[in-house]
Amino acid sequence: MASNVKRPKIAADSEEIVDEPLQNFLQWCHKVELTMSNKVYLSKEGTVAEYGMLAKQEIDEGEVLFSIPRNVLLNQQNSKIKAVLEESKVTLENTSGWVPLLMALMYEYTYPQSHWTPYLSLWPNFKAPDHPMFWSKEERDKLLKGTGIREAVETDLTNIQNEYTDIVLPFIRSHLDLWDPEKHTLDLYKSLVAFVMAYSFQEPLEEEEEDEKDPNPPMMVPMADMLNHVSNHNANLEYTPEYLKMVAIRSIKAGEEIFNTYGEMANWQLLHMYGFTEPHQENSNDTADIQMTTVQKVALQLAQNEEEQRFAAEKWNMLCDMEMVGDQGAFIFGKKGCLTDTEMYTTLKILSMEKEEFEVFQDREWEEVDDEDEMAQALSYEGLPVLPPAWRRLLHAAIGATLDSYEDGVEADRKLLEEQEVLAKLDSRSRRALQVRYGQKKILQQLQQLTQSGASTSKTS
Numbered sequence: 001m002a003s004n005v006k007r008p009k010i011a012a013d014s015e016e017i018v019d020e021p022l023q024n025f026l027q028w029c030h031k032v033e034l035t036m037s038n039k040v041y042l043s044k045e046g047t048v049a050e051y052g053m054l055a056k057q058e059i060d061e062g063e064v065l066f067s068i069p070r071n072v073l074l075n076q077q078n079s080k081i082k083a084v085l086e087e088s089k090v091t092l093e094n095t096s097g098w099v100p101l102l103m104a105l106m107y108e109y110t111y112p113q114s115h116w117t118p119y120l121s122l123w124p125n126f127k128a129p130d131h132p133m134f135w136s137k138e139e140r141d142k143l144l145k146g147t148g149i150r151e152a153v154e155t156d157l158t159n160i161q162n163e164y165t166d167i168v169l170p171f172i173r174s175h176l177d178l179w180d181p182e183k184h185t186l187d188l189y190k191s192l193v194a195f196v197m198a199y200s201f202q203e204p205l206e207e208e209e210e211d212e213k214d215p216n217p218p219m220m221v222p223m224a225d226m227l228n229h230v231s232n233h234n235a236n237l238e239y240t241p242e243y244l245k246m247v248a249i250r251s252i253k254a255g256e257e258i259f260n261t262y263g264e265m266a267n268w269q270l271l272h273m274y275g276f277t278e279p280h281q282e283n284s285n286d287t288a289d290i291q292m293t294t295v296q297k298v299a300l301q302l303a304q305n306e307e308e309q310r311f312a313a314e315k316w317n318m319l320c321d322m323e324m325v326g327d328q329g330a331f332i333f334g335k336k337g338c339l340t341d342t343e344m345y346t347t348l349k350i351l352s353m354e355k356e357e358f359e360v361f362q363d364r365e366w367e368e369v370d371d372e373d374e375m376a377q378a379l380s381y382e383g384l385p386v387l388p389p390a391w392r393r394l395l396h397a398a399i400g401a402t403l404d405s406y407e408d409g410v411e412a413d414r415k416l417l418e419e420q421e422v423l424a425k426l427d428s429r430s431r432r433a434l435q436v437r438y439g440q441k442k443i444l445q446q447l448q449q450l451t452q453s454g455a456s457t458s459k460t461s
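First residue of the sequence shown? That's 1 in UniProt numbering, and the numbers climb one at a time after it.
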């Protein structure tokens, strides 16, 4: 996804293919009846990163770009070892639900006669997406401090280690006719986890199933996973009982790259899960988090004496009981306002209550319910400057504490982005981390300005 390496492409005006892995893959696509419109082609040139799809000629909205039969999808149901995985379903259960697919991938990747070899050969070591899990700890500590990615990666690495040790390795040792501990190592497993994070798809549940059923397991979708992502995408994957189809959602000009969407992803999520970022100003889905524990800490700091601190702690405990806050939670702000408005509004409201008001609220056993539209408006960029002063003061202090958690201030990152000679000397990891940091800090800086009026305690970047 994020690579500066350019290789030979399929020329738009020629049928000659000089990229051998790609040639083998396209021949395989023809064999398995994965059909592709003659208006598109695959390339590593003219794309934002790695393989991508481009338009040879103008494409109309609604046109099908390619169609994938369901028997071509690589998942545990289609794998050669389906029966073994089904028999061991209980043994392979885990929180993520990924282990059966990962076991299938390990087998198919190392089985010489695998049906999916031409597809899997496009990723010789599965490390093309430069996930932060492959960075050194020193790089993560230096480049990603304050972004939330460091902590997410550490959790991932711990979970991968435990999953492999506790579930995968014992299963391998009980099926030595199919897997080999010397070949199917923790390192390979970690690379495949990154591959699934970056390239897999999850079929959405029907609306009536959403509350009754666990999410569908991930699956690998050949061809669909070669499209790159932008928030302002021009194609979308549609699911039918027999096929998956990539459909243009607007007209596409000749020479334009065709982009799918991986969802409404902030830059920190894109880097964490996929190993790349969008330019911060172009990612309409970018966000900044304020940790719930940060709000708790500043509420205690703003208390004038021990009695007020005890009162703040009592109010926080009520918020915990209401399941509005938690030790691992965050309040999320986007480019137009708060995306977790119910939790943020309720937290500011209760933490700002005087004793008498709080006692009345307790007596009512939290019966009072605020209007959802009212909460969203209050925490929009238009509503923030007119929040009650006590609310603004608390939120402003939490924003300042969040900005203080980064290594440097907003100006330091802005200068790096604007000084082209300096920016050009940064390696790709530093540039991507910079996009994440600066995008988050810009949102926080704007929030800080919007909550400035009436804030008696202020921390600047």
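Even for Gly, the Cβ is constructed at its ideal location relative to N, Cα and C.
Query: Heavy atom of the ligand MG within 6 Å of residue 173 beta-carbon; Result: Absence of the ligand MG is noted for the structure shown, with no ligands found whatsoever.
Query: Separation of residue 271 from residue 427, as counted between CA atoms; Result: 15 Å
Query: Check whether residue 288 and residue 444 have beta carbons under 7 Å apart; Result: yes
Query: Spatial neighbours of residue 227 in its chain, beta-carbon cut-off 8 Å, leaving aside the 5 residues before and after; Result: 52, 53, 235, 246, 258, 259 and 260
Query: Cβ neighbour criterion (16 or more within 10 Å) applied to residue 112; Result: exposed
Query: Proximity winner among 280, 286 and 298, relative to residue 399 (alpha-carbon distances); Result: 298
Query: DSSP state of residue 239 mapped onto helix, strand, coil; Result: strand
Query: Proximity below 7 Å, CB of residue 203 to CB of residue 262; Result: no
Query: Same chain, Cβ closer than 7 Å to residue 406, five either side skipped, listed in chain order; Result: 145, 146, 437 and 441
Query: Exposure of residue 57, with buried meaning 16 or more beta-carbon neighbours within 10 Å; Result: exposed
Query: Contacting residues, own chain, Cβ-Cβ under 6 Å from residue 37 (five flanking each side not counted); Result: 65
Query: Whether residue 74 touches residue 220 by CB criterion (7 Å); Result: yes
Query: Stretch-stretch touch, CB-based, cutoff 8 Å, three pairs: the stretch 343–361 with the stretch 320–334; Result: yes
Query: Contacts around residue 186, its chain only, beta-carbon distance under 6 Å, and the 5 residues preceding and following it disregarded; Result: 164
Query: Residue closest to residue 197, alpha-carbon to alpha-carbon, out of 435, 160, 231 and 206; Result: 160
Query: Contact set for residue 251: own chain, Cβ-Cβ below 8 Å, skip 5 residues either direction; Result: 58, 59, 60 and 61
Query: CA nearest to the CA of residue 224, picked from 72, 323 and 351; Result: 72
Query: Top-ranked residue by Cα proximity to residue 372, from 343, 20 and 215; Result: 343
Query: Residue from 92, 195 and 27 with nearest C-alpha to residue 124; Result: 195
Query: Close Cβ partners of residue 401 (< 6 Å) along its chain, the five nearest in sequence each way excluded; Result: 294 and 298
Query: Under the three-state DSSP convention, the category residue 19 falls into; Result: coil
Query: Completely contained alpha helix (DSSP H) runs for the stretch 134–185, where each covers 4 or more residues; Result: 137–143, 149–163 and 169–173
Query: Local conformation of residue 190 per DSSP, three classes; Result: helix
Query: 4 or more residues per run - each alpha helix (DSSP H) lying fully within the stretch 333–419; Result: 341–351, 355–363, 372–378, 389–404 and 410–418
Query: Length of the line joining the Cα atoms of residue 300 and residue 104; Result: 51 Å
Query: Outcome for residue 322 when other beta-carbon atoms lying within 10 angstroms are tallied against a minimum of 16; Result: exposed
Query: Neighbour-count burial assignment, residue 318, 16 or more Cβ in a 10 Å radius; Result: buried
Query: 7 Å CB neighbourhood of residue 88 in its chain, flanking five on each side removed; Result: 171
Query: Beta strand (DSSP E) segments (min. 3 residues) lying fully within the stretch 13–73; Result: 40–43, 52–55 and 64–69
Query: Beta-carbon gap between residue 338 and residue 394 smaller than 7 Å; Result: no
Query: Nonlocal neighbours in the same chain, by C-beta distance under 8 Å from residue 327, ignoring five residues either side; Result: 292 and 293
Query: Cβ neighbours of residue 456 in the same chain (closer than 8 Å, five flanking residues each side left out); Result: With a pLDDT of 46 at residue 456, under the threshold of 50, the predicted position of this residue should be treated as unreliable, and no value is reported.
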